[in-house]
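Asker:
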C-alpha cells in the first residue's frame, strides 16, 4: 500500500471513528419526547432512532466495538505512511537513520493522536451533545444496520458485560433515561426563574410542579367545615341555602351525618318542573336527583383523584381513611385552584363552606 493510500485510510478511519462516537452520544442524549412525534408521523429514521434508544446497551456495544477497531487500525495504517513521507526530507538534510526513525515515529504518533482525539472523538461528541435529536435521526439508522450485521459478535460482548454487572448486583438497563423526575423539573424551573429565562408571574408553572406532590387529604374539606343538607331537603330548602351561602353544590347527608351524595342548583330547577311544580318544591328531593360521589383514599395522589373524578363525570369525591370512614369531601373546584389559583363560584356570595 502506497504512503498516500495510507493517508486516505487515515481519513476514512477518522470519519468512521467519529461516526461511532457521535452515534453513541446521540443515542444516550436524545429525548424520546422529541423523537416520538416524528415516528408517529411515519418517519422511518425516527422509528429506527426509537429502536436504538430502546436498545441502548446493544447500540453502545456496537459503538465501542467500532471505536476500538478504528482506534487500533488508525496508528497501524497511518504511522508507516507518515513515517515514510517524513523520511524523505529528513534524509535530504543528512540525518542519521536512527534519528530519522525516532523522529518520524514521534511526529506520526503526536499527529495521529491529535487528529484522533480532536476530530475522531471531541468534535463528534460535542456535536452529538449540542444537537442530539437531529444527530440521532441521522446516525441511528446506520448504527442499527451495523449492529444487525455484526449481531452475533456484539451480542456475545454485550452479554459478557452484563454478566460482569450482575456479579456486582447491578441490573443492566437496555434504555437510557430520557425523562426528568419531578425533582429535576422543579430544579430546572427554579434555576430558570432565578436566571431570568422563565417568567412565572401567575405561579402556574410552580403550582403544576407542586401539584404532583399533594394527596387528596391536602385539599379535601373536612365534614365539620362543610355546609351540608339533610336527606329530607326540599327544593325550597336549597334555594334558601343558595341565598344564604351562595354555593351551587351541596352535600346531602343521612341522619348520622354520613355523606350520601350531592345536589346542584340546576337539579332543583328540574325537580320543580311540570304541572305539580308547587307541590314538588316542598317535597324532599328525589333520590335520582342526588349525584353519587367518587370514593378516594386520603393518601390518593391528587392527580389520580382528578383522573377518577373526570372519568366518572363528578365534581365531588368523598375521601375515606384507612378504616373506610368518610372524613372529608374533595371538590373539583379546589383541585383546579391548586393549578390555576382562585376559582370563584358564580353563585358564591361569602367565603367559607
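Numbering (UniProt numbering), first residue to last: 1 to 353.
Quick reminder that beta carbons are idealized off the backbone N, C-alpha and C, glycines included.
Does the region 281-289 come into contact with the region 320-340, if we say contact requires no fewer than three beta-carbon pairs (one atom in each stretch) closer than 8 Å?
Answerer: No, because fewer than three Cβ pairs between the region 281-289 and the region 320-340 fall closer than 8 Å, the two stretches do not touch.
Asker: So, are the CB atoms of residue 30 and residue 39 less than 7 Å apart?
Answerer: Within the chain shown, residue 30 is the residue found at index 30, counting from 1. Within the chain shown, residue 39 is the residue found at index 39, counting from 1. Contact: no.
Asker: Quick check on this structure: which residue in 24, 112, 259, 234 has the alpha carbon closest to the alpha carbon of residue 228?
Answerer: Counting from one through the chain shown, the residue named residue 228 turns up at place 228. Looking at the Cα atoms, 259 is the closest of the given residues.
Asker: Measuring straight from C-alpha to C-alpha, what distance separates residue 223 and residue 269?
Answerer: In the chain shown, counting from the first residue as 1, residue 223 sits at position 223. In the chain shown, counting from the first residue as 1, residue 269 sits at position 269. Using only the alpha carbons, I get a separation of about 26 Å.
Asker: Starting from residue 131, follow the beta strand (DSSP E) in both directions and report where the run begins and ends.
Answerer: As a working mapping, residue 131 is identified with position 131 in the chain shown. Neither: residue 131 is in no beta strand (DSSP E) and is coded neither H nor E.
Asker: From residue 249 to residue 263, what does the alpha carbon distance come to, in whole angstroms?
Answerer: Position 249 of the chain shown, counted from the start, is the residue given in the question as residue 249. Position 263 of the chain shown, counted from the start, is the residue given in the question as residue 263. Rounded to whole angstroms, residue 249 to residue 263 spans 6 Å at the Cα level.
Asker: Grouping DSSP H, G and I as helix and E and B as strand, with all else coil, what is residue 64?
Answerer: Position 64 of the chain shown, counted from the start, is the residue given in the question as residue 64. The answer is helix: DSSP assigns residue 64 an H, G or I state.
Asker: Let me make sure I understand the geometry here. Which of 217, 316, 301 has the alpha-carbon closest to that of residue 252?
Answerer: Here residue 252 is taken as the residue at index 252 of the chain shown, counted from 1. Minimum Cα distance to residue 252 is reached at 316.
Asker: Have a look at 326, 140, 153 and flag the residue whose alpha-carbon is nearest the alpha-carbon of residue 44.
Answerer: Taking the first residue of the chain shown as position 1, residue 44 is located at position 44. Of the listed residues, the one whose Cα sits closest to residue 44 is 140.
Asker: Quick one: give me the first and last residue of the alpha helix (DSSP H) that residue 47 is part of.
Answerer: Counting from one through the chain shown, the residue named residue 47 turns up at place 47. Unbroken alpha helix (DSSP H) run through residue 47: 44-54.
Asker: Quick check on residue 178: does DSSP put it in helix, strand or coil?
Answerer: Counting from one through the chain shown, the residue named residue 178 turns up at place 178. The predicted model places residue 178 with a pLDDT of 49, which falls under 50 and marks its position as unreliable, so this point remains unresolved.
Asker: Under a three-way DSSP split, which group does residue 335 fall into?
Answerer: Here residue 335 corresponds to residue number 335 of the chain shown, with the count starting at 1. Helix.
Asker: Could you compute how far the alpha carbon of residue 178 sits from the alpha carbon of residue 170?
Answerer: Numbered from 1 along the chain shown, position 178 holds the residue referred to as residue 178. Numbered from 1 along the chain shown, position 170 holds the residue referred to as residue 170. For residue 178, the predicted structure reports a pLDDT of 49, less than 50, and the residue's modelled location is therefore unreliable. A value from the coordinates is still provided. Rounded to the nearest angstrom, the two C-alpha atoms are 20 Å apart.
Asker: Just the C-alpha distance for residue 241 and residue 303, rounded to the nearest angstrom, thanks.
Answerer: Numbered from 1 along the chain shown, position 241 holds the residue referred to as residue 241. Numbered from 1 along the chain shown, position 303 holds the residue referred to as residue 303. Their Cα atoms are separated by approximately 31 Å.
Asker: In this structure, does DSSP put residue 222 in helix, strand or coil?
Answerer: Within the chain shown, numbered from 1, the residue matching residue 222 stands at position 222. The answer is strand: DSSP assigns residue 222 an E or B state.
Asker: Have a look at residue 115 and residue 121 and give me their C-alpha separation to the nearest angstrom.
Answerer: As a working mapping, residue 115 is identified with position 115 in the chain shown. As a working mapping, residue 121 is identified with position 121 in the chain shown. Cα to Cα, residue 115 sits roughly 9 Å from residue 121.
Asker: List the endpoints of the continuous beta strand (DSSP E) containing residue 228.
Answerer: Residue mapping note: residue 228 aligns to position 228 of the chain shown, counting from 1. Element bounds for residue 228: 228-230.
Asker: Taking residue 233 as the reference, which of 117, 281, 307, 135 has the closest Cα?
Answerer: Reading the chain shown from its first residue, position 233 is the one you call residue 233. Among 117, 281, 307, 135, the Cα nearest to that of residue 233 is on 281.
Asker: Closer than 6 Å by C-beta to residue 125: which residues in its own chain qualify, once you throw out the five before and the five after it? Chain order, please.
Answerer: Numbered from 1 along the chain shown, position 125 holds the residue referred to as residue 125. So the qualifying residues of the chain are 21, 25.
Asker: Who are residue 297's beta bridge partners in DSSP?
Answerer: Start at 1 with the first residue of the chain shown, and residue 297 comes out as number 297. Per DSSP, 320.
Asker: Looking only at C-alpha atoms, which of 307, 60, 300, 219 sits nearest to residue 329?
Answerer: Working through the chain shown from its first residue, we reach residue 329 at position 329. Comparing Cα positions, the closest option is 219.
Asker: Taking all protein chains shown into account, do 16 or more other C-beta atoms lie within 10 angstroms of the C-beta of residue 78, making it buried, or fewer, making it exposed?
Answerer: As a working note, residue 78 is residue 78 in the chain shown. Buried, because 16 or more other Cβ atoms sit within 10 Å of the Cβ of residue 78.
Asker: Can you round the beta-carbon distance between residue 58 and residue 147 to whole angstroms, since I take them to be within the 8 Å contact cut?
Answerer: Counting from 1 along the chain shown, the entry for residue 58 is found at position 58. Counting from 1 along the chain shown, the entry for residue 147 is found at position 147. Right, their Cβ atoms sit about 6 Å apart.
Asker: Is residue 328 helix, strand or coil when you go by DSSP?
Answerer: The count along the chain shown starts at 1 and reaches residue 328 at position 328. Reduced to three states, the DSSP call for residue 328 is strand.
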